[in-house]
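Numbering (this note's numbering), first residue to last: 1 to 145. For every residue, glycine included, the Cβ atom is placed at its ideal position computed from N, Cα and C. Computed from a prediction, not measured in an experiment: that's the story for all the values here.
Shown next as structure tokens:
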């Protein structure tokens, strides 16, 4: 069976790199990532090679032997995956939760509560993919403005 390297190795390394870049705004060395996430050099190198396939970094610089020497800025996708930027799915969850809160609020008129409950159900049902598409449409620009 193939090992789950995403949750056990790659995602923690990606989050460490995103955190470092958030603090420094600079290109980083793998050693900094090792210190941030607590993994050894070999583990961080393996993760960086895999993460660079996506790529989750604007630029990486490597040595002839295959090791990565410098890691550049994380991409927008890296920021979403690491949890620093919202995903359309996450935005939809927040929207549905807001409608569910209105539906459960006994201080609101019954008609408003009923409509909010229906909208929440629509957004979790047949219209969920439409909503996700709208929230993530235009390259994610709808989420920012």
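Next on the checklist: Going residue by residue through the segment 22-59, where are the continuous alpha helix (DSSP H) segments of at least 4 residues, counting only ones entirely within it?
Outcome noted: The qualifying runs are 30-37 and 41-51.
Checklist entry - What three-state label does DSSP hand residue 127 in the structure shown? => result Here residue 127 carries a coil assignment [DSSP, helix/strand/coil].
Checklist entry - Do you know how far the Cα of residue 4 is from the Cα of residue 32? => result Going by C-alpha positions, residue 32 is about 24 Å away from residue 4.
Next on the checklist: So residue 36 and residue 20 are supposed to be a Cβ contact under 8 Å. How far apart are they, rounded?
Outcome noted: The Cβ separation is near 6 Å, so the contact holds.
Checklist entry - Could you give the uninterrupted runs of the alpha helix (DSSP H) lying entirely in the segment 60-110, keeping only those of 4 residues or more? => result Counting whole runs of 4 or more residues, the segment 60-110 contains the alpha helix (DSSP H) stretches 76-81 and 88-104.
Item to check | Own chain residues within Cβ distance below 8 Å of residue 124, not counting five before or after | outcome: By the criterion of a C-beta distance shorter than 8 Å, residue 124 is surrounded in its chain by 96, once the five residues flanking it on both sides are discounted.
Item to check | DSSP three-state assignment for residue 5, whether helix, strand or coil | outcome: Helix, per DSSP.
Next on the checklist: With three or more beta-carbon pairs closer than 8 Å as the criterion, would you say the segment 108-122 touches the segment 58-70?
Outcome noted: Segments in contact, no.
Next on the checklist: What does the Cβ neighbour count give for residue 13, buried or exposed, with the cut at 16 atoms within 10 Å?
Outcome noted: Classification for residue 13: buried.
Item to check | CA-to-CA distance, residue 120 to residue 28, given in whole angstroms | outcome: Near 43 Å, if we compare the C-alpha coordinates of residue 120 and residue 28.
Checklist entry - Mind checking residue 17: buried by the 16 CB within 10 Å criterion, or exposed? => result By the 10 Å Cβ count, residue 17 comes out buried.
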